[in-house]
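Quick notes on the structure that follows.
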């Protein structure tokens, strides 16, 4: 049943995400053409890159809106009357939504990378950046997915909470968002507490951390990163579990 | 006769008010029951409990010996009072959707019913008229070989010609082994097809039984009884 529901979840966002991808790639081709054809004195280089950056931001926001719609519309609007009366477990319905969102997030990162490559094609620095995208790239991709999962789970938790009626009391979106932020703060505090107890010293995270992991400069960093990723995964699972529990208080109207 | 649906002491409270208060009734195989009451009497709440859309209630509900939920949903074909088919689907995709999720769905029957209505299969649901959407939805719901059909206000918002089509479709497609629970506040059109009726007022059952017995006992049609009982409520 998971694959069947996944098929329709993907089908729902297909056109919109493909449209976004097409616009981003077209924009990068056009900008690239303008930069090469007219050279920088005629076309303000900074301006074109700003436009591209703005487009990227817009595509990111649109992706979040589409993920929101995919979740909220099919669960809490009229379609909920169909979705929640299917002979499918609620957990399967929820997992399908999460997988769909992760797929789209990955699709958009691939599209973003392709469009950046088109825009910077021929530059010496670009070649270096893409050459170094091997192991560091994979590591960054794992982080992107784990934190993507965490963000999506908390986002879904907020949306679900904002559709709950507990003893006729409606938890509105503002209250639900505060609860979502608190959930994130609790995770950060627990993590901080753990680090304080274990005492890792002054180490930061970022690309440097990934490099250190593979050069073996510090075994602490490996543990640090493992704790970071596993705690984020654990809190994502907990958020999804809470959503399933909250389904009891839902009222589709 | 064995029961396909059993409700025992079902209550649902919103804050301090009862939306349903101690509701008890059964539906046997092959029975067509009318769930009658004015707006706000608790009909939709009761249906939401049976279909598993509302889980926060007290009492016992059994559908073919199963509690409401995803497993019991295999036996129920549900038509809500809302447009619940995703509007971004094409008509032919909505048929495929039902085929994918319901083992008892008769694809040929659905396609046949929809083609008779001159609805283009390649049209998106959102591009159809309201009447066409309601007919397509009903065709999909009634093309399942379900044990229990639950129809929430199927004729509430349609013109008289469409009402005939809907009632005809319901009668034609529900088999002898299937039971139907029809919720409505428009009695006259559905009265001829009902075997049993249950009157709901402010969440409580105020009258229930065989339609024939009620008519004989009260010397009135169900429609007349309804108008009399609810004259101050509607």
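Protein chains in written order, with our numbering: chain A, 6 to 258; chain B, 4 to 237.
The beta carbon of each residue, even a glycine, is placed where N, CA and C say it ideally should be.
Counting only the Cα atoms, residue 72(B) lies some 30 Å from residue 109(A).
Straight across, the Cα-Cα distance linking residue 189(B) with residue 204(B) is about 15 Å. Rounded to whole angstroms, the Cβ separation of residue 116(B) and residue 146(B) is 7 Å, and the two are in contact under 8 Å. With a cutoff of 9 Å on beta-carbon distance, residue 12(B) and residue 27(B) are scored as near each other. The criterion of a C-beta distance shorter than 9 Å is not satisfied by residue 154(A) and residue 249(A).
Residue 167(A) and residue 156(A) do not touch by the CB rule: their CB atoms are close to 17 Å apart, not below 8 Å. Per DSSP, the beta-bridge partners of residue 36(B) are 184(B) and 199(B). Cα atoms of residue 12(A) and residue 104(A): separation of roughly 11 Å, rounded to the nearest angstrom. The three-state reading of DSSP puts residue 115(B) in helix, counting H, G and I together. Residue 242(A) has its alpha-carbon roughly 20 Å from the corresponding atom of residue 75(A). Interface criterion met: the Cβ of residue 85(A) is under 9 Å from a Cβ in chain B.
Between residue 153(B) and residue 81(B), the gap from beta carbon to beta carbon is short of 9 Å.
Per the Cβ contact rule, the segment 90 to 97 of chain A is not in contact with the segment 182 to 191 of chain A (fewer than 3 Cβ pairs under 8 Å).
A straight-line Cα-Cα distance of about 12 Å links residue 206(B) and residue 38(B). For residue 172(B), no Cβ of chain A is located within less than 9 Å of the residue's own Cβ. The C-alpha of residue 141(B) is placed about 13 Å away from the C-alpha of residue 128(B).
For residue 83(B), the neighbours in chain A by C-beta distance under 7 Å run, in chain order, 86.
Rounded to whole angstroms, the Cβ separation of residue 244(A) and residue 158(A) is 4 Å, and the two are in contact under 8 Å. The beta carbon of residue 51(B) lies closer than 8 Å to those of 57 in the same chain, with the five residues before and after it left out. Take residue 180(B), set aside five residues on each side of it, and the residues of its chain with a beta-carbon closer than 8 Å to its own are 32, 33 and 150, in chain order.
Residue pairing of residue 213(B) in beta bridges, as defined by DSSP: 199(B). Between residue 193(B) and residue 201(B) a beta carbon distance of about 13 Å is seen, past the 8 Å cut, so the two are scored as non-contacting.
The alpha-carbon of residue 175(B) is positioned some 26 Å away from that of residue 211(B). For residue 93(A), the neighbours in chain B by C-beta distance under 9 Å run, in chain order, 73, 76 and 104. Around the beta carbon of residue 219(B), fewer than 16 other beta carbons lie within 10 angstroms, which makes this residue exposed.
Between the beta-carbon of residue 7(B) and that of residue 182(B) there is about 5 Å, and that keeps the pair under the 8 Å contact cut. Closer than 9 Å to the CB of residue 30(B) there is not a single CB belonging to chain A.
As computed with DSSP, residue 20(B) is found in a beta bridge with 17(B). For residue 101(B) and residue 6(A), the gap between their C-alpha atoms comes out near 13 Å. Using beta-carbon distances, residue 100(B) counts as an interface residue toward chain A, with a partner under 9 Å. Inter-residue distance for residue 79(A) and residue 91(B) is about 11 Å (C-alpha atoms, whole angstroms).
Using a Cβ-Cβ cut-off of 9 Å, residue 96(B) counts as an interface residue toward chain A, since at least one Cβ of chain A sits closer than that to its own.
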